[in-house]
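Student: Can you read through this structure? Questions will come right after.
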Amino acid sequence: MRYAVIGGGPSGLYFALLAKKANPTDEVLVVERNPPDATFGWGVVFSEETLGALRDADYETYAEIGESFARWNAIDIYYRDTMVRSRGHVFTGISRKVLLNILQRRCQALGVRLEFERDVRDVAEFEGADLIVGADGINGLVRRTYAEFFKPQIVTHPTKYVWFGSDLPLDAFTFIFRRNDDGLFQVHAYPFDARTCTFIVECPEDAWRRAGLESASEAE
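In my numbering, the protein residues as written are 6 to 225.
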């Protein structure tokens, strides 16, 4: 079998390493348009159930992920002037960049061929492959090319959000709801290493406009 995986994010890399692990004589190629250390996003969260699935699928990557993640068991909810903590929820977070590097190394160790900074313009470039895997995102080439076949239903909602990284020390999955004169703003945040957390802010479009965020600069 010859596999061509378009997209070198976590899903594409994990598919590639499992395919190669299952049949070492198969040819597995992953192509990614960005450099190996490029990433878009901050941290990735795994539930206990997901970690169990990773452990069973490939123990080597599971063990290496376990050496790099932050772990917590609480959810904090801030609403008005009250904070409620719910315990017993086991989560782990890891830097997306660290996760990608772990999966890249595992792919290379198994013999998967990785090609970075290759921007695929046409799926026909891989016409010799027995299976083409579209791991290039919701707006990716594979989905666009075969849109008439798959007929996806994509609904775009007007909610606005921004994905920050922060050095705010957190020890729980944190949800914050704050209302001001402009409207309701919501945060969900979580740690992914000893020093850094993901901090995502969301709001309805009308609140975003009233707050002047439509015309605000990145610094503002």
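Glycine is no exception: its CB is placed at the ideal position from the N, C-alpha and C atoms.
1) Ser171 lies in the alpha helix (DSSP H); which residues open and close that run?
2) By how many angstroms is the C-alpha of Asp81 removed from the C-alpha of Phe45?
3) Going by Cα to Cα distance, which pick from Asp172, Leu175, His193, Gly170 is closest to Ile181?
4) Are three or more beta carbon pairs between the region 151–163 and the region 197–207 nearer than 8 Å?
5) Let's test the definition: count the other Cβ atoms within 10 Å of the Cβ of Asp172 and tell me whether it reaches 16, buried, or not, exposed.
6) Buried or exposed: Thr55, going by 16 or more other Cβ atoms within 10 Å of its Cβ?
7) In its own chain, which residues sit with a C-beta less than 6 Å from the C-beta of Ser91, not counting the 5 before and 5 after it?
8) Based on the DSSP secondary-structure assignment, which residues constitute the bridge partners of Val117?
9) Looking only at its chain, what residues have a beta carbon closer than 7 Å to the beta carbon of Val128, apart from the 5 residues adjacent to it on each side?
10) If you scan the region 65–103 from start to end, which runs of the beta strand (DSSP E) of 3 or more residues do you find wholly inside it?
11) From Arg38 to Thr164, what does the alpha carbon distance come to, in whole angstroms?
12) Can you tell me whether DSSP reads Gly57 as helix, strand or coil?
13) Measure the Cβ-Cβ separation of Val35 and Gly98 and say whether it is below 9 Å.
14) Report buried or exposed for Asp141, applying the criterion of at least 16 other Cβ atoms within 10 angstroms of its Cβ.
Tutor: Quick answer:
1) Counting from one through the sequence shown, the residue named residue 171 turns up at place 166. Here Ser171 belongs to no alpha helix (DSSP H); instead the beta strand (DSSP E) covers 165–171.
2) In the sequence shown, the residue the question calls residue 45 occupies position 40. In the sequence shown, the residue the question calls residue 81 occupies position 76. If you take the alpha carbons of Phe45 and Asp81, they lie about 26 Å apart.
3) Mapped onto the sequence shown, residue 181 falls at position 176. For Ile181, the nearest C-alpha among the options comes from His193.
4) no
5) Translated into positions along the sequence shown, residue 172 becomes position 167. With fewer than 16 other Cβ atoms within 10 Å, it is exposed.
6) Along the sequence shown, read from residue 1 onward, the residue named residue 55 stands at position 50. Label assigned to Thr55: exposed.
7) The count along the sequence shown starts at 1 and reaches residue 91 at position 86. Ile80.
8) By 1-based counting over the sequence shown, the position of residue 117 is 112. Answer is none; Val117 lacks a bridge partner.
9) Taking the first residue of the sequence shown as position 1, residue 128 is located at position 123. Answer for Val128: Ile137, Leu146, Val147, Thr150, listed in chain order.
10) 75–84, 87–100
11) Here residue 38 refers to the residue found at position 33 when the sequence shown is read from its first residue. Here residue 164 refers to the residue found at position 159 when the sequence shown is read from its first residue. Answer to the nearest angstrom: the Cα atoms are 29 Å apart.
12) For the purposes of this step, residue 57 is taken as residue 52 along the sequence shown, with counting starting at 1. Looking at Gly57 - three-state DSSP - the assignment turns out to be helix.
13) If you number the sequence shown from 1, residue 35 lands on position 30. If you number the sequence shown from 1, residue 98 lands on position 93. Contact: no.
14) Here residue 141 corresponds to residue number 136 of the sequence shown, with the count starting at 1. Classification of Asp141: buried, given that the 10 Å Cβ count is 16 or more.
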